[in-house]
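Since the structure comes first, as structure tokens, the remarks are kept for the end.
Number of protein chains: 2
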Amino acid sequence: MMKESREEEEAEVLPQDLSAAEVLPQGTDKTTDFIDSALKGLNPRWRNWVVRGIFTWLMIFLFAFVVYCGPLALVLLVFVIQIKCFHEIITIGYIVYKSYDLPWFRTLSWYFLFTSNFFFFGESVIEYFAVLLHRNNFLRFFVTYHRFISFSMYVAGFVAFVCSLVKKHYLKQFTLFGWTHVTLLIIVTQSHLIVQNVFEGLIWLMVPVSMIICNDIMAYMFGFFFGKTPLIKLSPKKTWEGFIGGAFSTVIFGIMLSYLLLQWDYFVCPITFDTSSNRLSMECERHPVFKVAEYSLPETLDGLFTLLKIPYRKFHIYPFVLHSISMSLFASVIGPFGGFFASGFKRAFKIKDFGDIIPGHGGIMDRFDCQYLMATFIHVYYTSFIRLHNPQKILQNILMLKPEDQLHVFNLLQQSLVDNNFINITSSTL
Amino acid sequence: MMKESREEEEAEVLPQDLSAAEVLPQGTDKTTDFIDSALKGLNPRWRNWVVRGIFTWLMIFLFAFVVYCGPLALVLLVFVIQIKCFHEIITIGYIVYKSYDLPWFRTLSWYFLFTSNFFFFGESVIEYFAVLLHRNNFLRFFVTYHRFISFSMYVAGFVAFVCSLVKKHYLKQFTLFGWTHVTLLIIVTQSHLIVQNVFEGLIWLMVPVSMIICNDIMAYMFGFFFGKTPLIKLSPKKTWEGFIGGAFSTVIFGIMLSYLLLQWDYFVCPITFDTSSNRLSMECERHPVFKVAEYSLPETLDGLFTLLKIPYRKFHIYPFVLHSISMSLFASVIGPFGGFFASGFKRAFKIKDFGDIIPGHGGIMDRFDCQYLMATFIHVYYTSFIRLHNPQKILQNILMLKPEDQLHVFNLLQQSLVDNNFINITSSTL
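Residue numbers (our numbering), protein chains in the order written: chain Z, 2 to 431; chain U, 2 to 431.
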């Protein structure tokens, strides 16, 4: 089915002659000689199954190993993936628009990647570790002027771009400038949200990432065995049966995985810098969503339960498990649109895959198209529904002020608390 | 000179046949019948001078009037300009890629404009007026879930885009998706920075906007009368003489304008919501940069002054005036690159102007290309070098917490102040 639709498209008339697929390395099933010889006997279709399966498990184990190595290793992994995704998309632009002779194009793209990472990553690190950074004079300079330094770096790139413009390439240069910036918008901003999710606690990375993987696999399985009704023209392989089966499995899987991870503080505690021990800490008083809570049945269901003579009226559950259902639903209903978008993009530019780095899968971007959208959802969900105004963090902001300003805040706050009768002052504190 | 280089370019071979200029309304000198008949006798070159001059002054008066109407009128003006700029750039995309039959393209572009404004404008309003918004239950809901609502709206647009994809238009649709997003990145994010500048005090809008206008006019004047040495190929009319003369004039003008505006609190006070009188307030204790300060000569100059027998060793000046010099230098050295970028863009797509709304000037975007870059610079400059951690603002953050958390912060802060010997507690405060 995939094959036919591909050939049909080839006949399409496009404004430009796109032959990117001939130049761009495309996904293959080629692996190491060892595996290749072991699989020689299989027919190509099953060969793809096996290769794809092996590398799926390999990636899952690699991910588990990085999680085991700790949050900083994870942040590093996010960076490596981000750089590779950027490389894949920029290479496509480079080939599609035949930009081999554009002056400075590659250098500028990488420079903009560096600049925007410097900015976003700096903002995250400053937000989470300001107190730590403030101890060192050299770093304090970077914290204070971080935005100015980032902006100056960006402006230098912008001026270099304007200076690199040459008459006969104007159109290509502006197209690729736009291409680079849309890529940065998609990859860098969203990677930075992933990093922030990691800082808030490993569970905010583990659960969503696993949900997308589970949904991908289960939708594929259900589609393979039961698929009949096509879902969307963009991805002819996708079926309604796969979509629904995937969603159902992801909800169940999400609940189970959440229960499992909730057993360790390691996964639920945000990463903070402990000033007393002078090191990163992953211990905490658990956030209420990670503590078992009692829920009562809604009144409407209550009547039904009485009728059926079911004695239970209350149940105990981790609130996070209930949240995991919203997340699973997003992962399986909206998540696939990230994939459809990527499919449409690949078709628009007549390529089959973003690259060929993972045998059986294609490029890194082929596997991460939905992950980025999911990470943004998790970030927004977390900041909207989960994050509490953290007294400790507000205190940190105050402690960065000059002593006289700290006192000023203290006095204002005391006044306000007294005015509202939250405290009584029996004697002066100063 | 302009004319020749334009024709030369026409011969350039481009991958697509771009004839946007034939379809897109281009800048003309056509005005009202009244002015047209009054200027009938002039030759075209001088006619352009007069029309351009009239409308320059008209815009300056309009701007002054809006400033007189107050900050909310200014914010409204920023919005109107933003929408018109977006419209101009999107129309160019629409024509260049001959996208007349793309399903939903215009609707989706405007929807994304609305969504991103909802997000950014909401973020600004929440940052500055959270206490006011928190009083009303309905608005409180919007404040709490603002990011989630914005994200859901964006995702709805994203899903609609994916669903609107049709095979024969894939390439155009993705190109225009990118086009829309780059436009949003340039126009919406920077407009939102302008709005934030206005909230910090009118002077942060007035001075930079006037500097760009002054630099434009003076560079044109110096270029017209003394210009000999071409500056950059992109804008053949620009000369080194105009560039240097413009920079020099802008520095002088910036100093004078700053001195003038510093006489009124109206220009230097941030816009705050006064909870006691229940209305917007533009009164304040002036920020130190707006108060006259004493500066001593650096020691190296000191020796020179002794030699020359100049008795002055100290001088009194508003620190803002010194800052205005940095801003003037940015406005006249880097600012023009915003214009070069816009010139390059217009040439890439073979158009003379972004539109024809202002007689003698072209489109709105033709006049605002440098203003946006300048506004971002001012925002970064303000946050890096001027903004003080405002005890009042930190207090607001604390007062939005639940009473028990307010008390918790209070106790933590008290403890820290006691530990550091900033206060002595003579008796318990609770």
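By construction, the Cβ of each residue, glycine as well, lies at the ideal position given by its N, Cα and C atoms.
(1) Rounded to a whole number of angstroms, what is the C-alpha to C-alpha distance between S297/Z and V322/Z?
(2) Using a Cβ-Cβ cut-off of 6 Å (strictly less than) and excluding sequence neighbours within five positions of F254/U, which residues of its own chain qualify?
(3) Flag this pair as yes or no: are the beta carbons of K168/U and L103/U separated by less than 8 Å?
(4) Thinking C-alpha only, which one of E405/U, F378/U, N398/U is nearest W205/U?
(5) Could I get the ranges of all uninterrupted alpha helix (DSSP H) runs contained in the stretch 43-125 of chain Z, with 4 residues as the minimum, in chain order?
(6) Would DSSP call T240/U helix, strand or coil?
(7) Kindly say whether I399/U, judged by its beta-carbon, lies nearer than 8 Å to any beta-carbon of chain Z.
(8) Please classify I195/Z: is it buried, with 16 or more other beta-carbons within 10 angstroms of its beta-carbon, or exposed?
(9) Go ahead and pull the three-state DSSP assignment for H147/U.
(10) Among L408/U, T301/U, F423/U, F62/U, which has the Cα closest to the Cα of N425/Z?
(11) Exposed or buried, what is P299/U when buried is set at 16 or more other beta-carbons lying within 10 Å of its beta-carbon?
(12) Which residue comes first and which comes last in the alpha helix (DSSP H) that contains T307/U?
(13) By a C-beta neighbour count over all protein chains shown, 10 Å radius and 16 as the cutoff for buried, is F411/U buried or exposed?
(14) For the stretch 372-402 of chain Z, which segments carrying the alpha helix (DSSP H) assignment without a break, of at least 4 residues, lie completely within its bounds, in sequence order?
(15) Chain U beta carbons: is any one of them nearer than 8 Å to that of F338/Z?
(16) Go ahead and label P392/Z buried or exposed: buried means 16 or more other beta carbons lie within 10 angstroms of its beta carbon, across all protein chains shown.
(17) When you check each C-beta in the stretch 370-390 of chain Z against every C-beta of chain U, which residues fall closer than 9 Å?
(18) Rounding to the nearest angstrom, what Cα-Cα distance links G363/U and F355/U in this structure?
(19) Rounded to the nearest angstrom, what separates E8/Z and K347/Z at their Cα positions?
(20) On a Cα-Cα basis, can you pick out the residue from F226/Z, G224/Z, L203/Z that is closest to F291/Z?
(21) For the ligand COA, is there a heavy atom less than 7 Å away from the beta-carbon of L308/U?
(22) Going along the chain, which residues of the stretch 345-372 of chain Z sit with their C-beta nearer than 8 Å to a C-beta in chain U?
(23) With 16 other CB atoms within 10 Å as the buried threshold, where does Y101/U fall?
(24) Can you check whether the CB of A349/Z is closer than 8 Å to the CB of F175/U?
(25) Below 7 Å on C-beta distance, what does W241/Z contact in chain U?
(26) Please classify H317/Z as buried or exposed, where buried requires at least 16 other C-beta atoms within 10 Å of its C-beta.
(27) State the DSSP-derived secondary structure class of P337/Z, mapped to helix, strand or coil.
(28) Closest Cβ-Cβ distance between V160/U and chain Z: below 8 Å?
(29) Decide yes or no for the touch test of the stretch 148-165 of chain U against the stretch 112-129 of chain U: beta carbon pairs closer than 8 Å, at least 3 of them.
(30) Report the partner residues of E286/U according to the DSSP bridge assignment.
(31) Could you tell me whether the Cβ of H182/Z comes closer than 8 Å to any Cβ of chain U?
(32) I'd like to know if Y221/Z contacts chain U, where contact means its C-beta is closer than 8 Å to some C-beta of that chain.
(33) Find the nearest neighbour of L166/Z within the set N421/U, K234/U, L177/U, R148/U, judged by alpha-carbon distance.
(34) Cβ atoms of Y382/U and I187/U: under 8 Å apart, would you say?
(35) Going by DSSP, name the residue or residues bridged to F274/Z.
(36) When the cut-off is 8 Å and only beta carbons count, does P392/U lie next to chain Z?
The structure says:
(1) Here residue 297/Z refers to the residue found at position 296 when the first sequence is read from its first residue. Here residue 322/Z refers to the residue found at position 321 when the first sequence is read from its first residue. When rounded, the distance between both Cα atoms is 16 Å.
(2) Here residue 254/U is taken as the residue at index 253 of the second sequence, counted from 1. Only residues of its own chain outside the window of five on either side were considered, and among them C215 have a CB closer than 6 Å to the CB of F254/U, listed in chain order.
(3) Here residue 168/U is taken as the residue at index 167 of the second sequence, counted from 1. Here residue 103/U is taken as the residue at index 102 of the second sequence, counted from 1. Contact flag unset, no.
(4) What you label residue 205/U is simply residue 204 of the second sequence in a count that begins at 1. With distances taken between Cα atoms, W205/U lies closest to F378/U.
(5) 45-70, 72-97
(6) Numbered from 1 along the second sequence, position 239 holds the residue referred to as residue 240/U. Note: T240/U maps to strand in three-state DSSP.
(7) Within the second sequence, numbered from 1, the residue matching residue 399/U stands at position 398. Answer yes: the Cβ-Cβ gap between I399/U and chain Z drops below 8 Å somewhere.
(8) As a working note, residue 195/Z is residue 194 in the first sequence. Buried.
(9) Sequence index remark: in the second sequence, residue 147/U carries index 146 (1-based). H147/U: helix per DSSP, three-state reduction.
(10) Against the first sequence, residue 425/Z aligns to sequence position 424. Nearest C-alpha to N425/Z: L408/U.
(11) Residue mapping note: residue 299/U aligns to position 298 of the second sequence, counting from 1. The residue in question, P299/U, is exposed, as its Cβ has fewer than 16 Cβ neighbours within 10 Å.
(12) Within the second sequence, numbered from 1, the residue matching residue 307/U stands at position 306. 300-308 is the span of the alpha helix (DSSP H), which, as asked, contains T307/U.
(13) Against the second sequence, residue 411/U aligns to sequence position 410. Buried, because 16 or more other Cβ atoms sit within 10 Å of the Cβ of F411/U.
(14) 392-400
(15) Mapped onto the first sequence, residue 338/Z falls at position 337. Yes, its Cβ sits closer than 8 Å to a Cβ of chain U.
(16) Stepping through the first sequence from its first residue, residue 392/Z is reached at position 391. Counting Cβ neighbours within 10 Å, P392/Z comes out buried, since at least 16 surround it.
(17) If the cut-off is 9 Å between Cβ atoms, the stretch 370-390 of chain Z has L374, T377, F378, H380, V381, Y382, T384, S385, F386, L389, H390 near chain U.
(18) Translated into positions along the second sequence, residue 363/U becomes position 362. Translated into positions along the second sequence, residue 355/U becomes position 354. If you take the alpha carbons of G363/U and F355/U, they lie about 6 Å apart.
(19) Start at 1 with the first residue of the first sequence, and residue 8/Z comes out as number 7. Start at 1 with the first residue of the first sequence, and residue 347/Z comes out as number 346. Its pLDDT being 34, under 50, E8/Z is placed unreliably by the model, and nothing is read from it.
(20) Position 290 of the first sequence, counted from the start, is the residue given in the question as residue 291/Z. It is L203/Z whose Cα lies nearest to the Cα of F291/Z.
(21) Ligands displayed in this structure: none; no statement on the ligand COA is therefore possible.
(22) G345, F346, R348, A349, F350
(23) The sequence position of residue 101/U within the second sequence is 100, counting from 1. Under a 10 Å Cβ-count criterion, Y101/U is classified as exposed, with fewer than 16 other Cβ atoms of the shown protein chains found around its own Cβ.
(24) Within the second sequence, numbered from 1, the residue matching residue 175/U stands at position 174. Within the first sequence, numbered from 1, the residue matching residue 349/Z stands at position 348. The answer is yes: Cβ separation under 8 Å.
(25) To locate residue 241/Z, count along the first sequence from 1; it is residue 240. Going along chain U, no residue has its Cβ under 7 Å from W241/Z, so there is no contact; the nearest lies around 15 Å.
(26) Within the first sequence, residue 317/Z is the residue found at index 316, counting from 1. H317/Z comes out exposed.
(27) Your numbering for residue 337/Z matches position 336 in the first sequence. Helix, per DSSP.
(28) For the purposes of this step, residue 160/U is taken as the residue at position 159 of the second sequence. By this cut-off, V160/U is an interface position.
(29) yes
(30) By 1-based counting over the second sequence, the position of residue 286/U is 285. According to DSSP, which records beta bridges pairwise, E286/U is partnered with nothing at all.
(31) For the purposes of this step, residue 182/Z is identified with residue 181 of the first sequence, where counting begins at 1. So, interface residue.
(32) Looking up residue 221/Z in the first sequence gives position 220. With 8 Å as the cut-off, Y221/Z does not count as an interface residue toward chain U.
(33) The count along the first sequence starts at 1 and reaches residue 166/Z at position 165. Per the Cα distances, K234/U.
(34) For this step, residue 187/U is matched to residue 186 along the second sequence. For this step, residue 382/U is matched to residue 381 along the second sequence. It is not a contact, given that the beta carbons lie outside the stated cut-off.
(35) Position 273 of the first sequence, counted from the first residue, corresponds to residue 274/Z. In the DSSP output, where bridge partners are listed per residue, F274/Z has L281/Z.
(36) As a first step, residue 392/U is located in the second sequence; it is residue number 391 there, counting from the start. So, interface residue.
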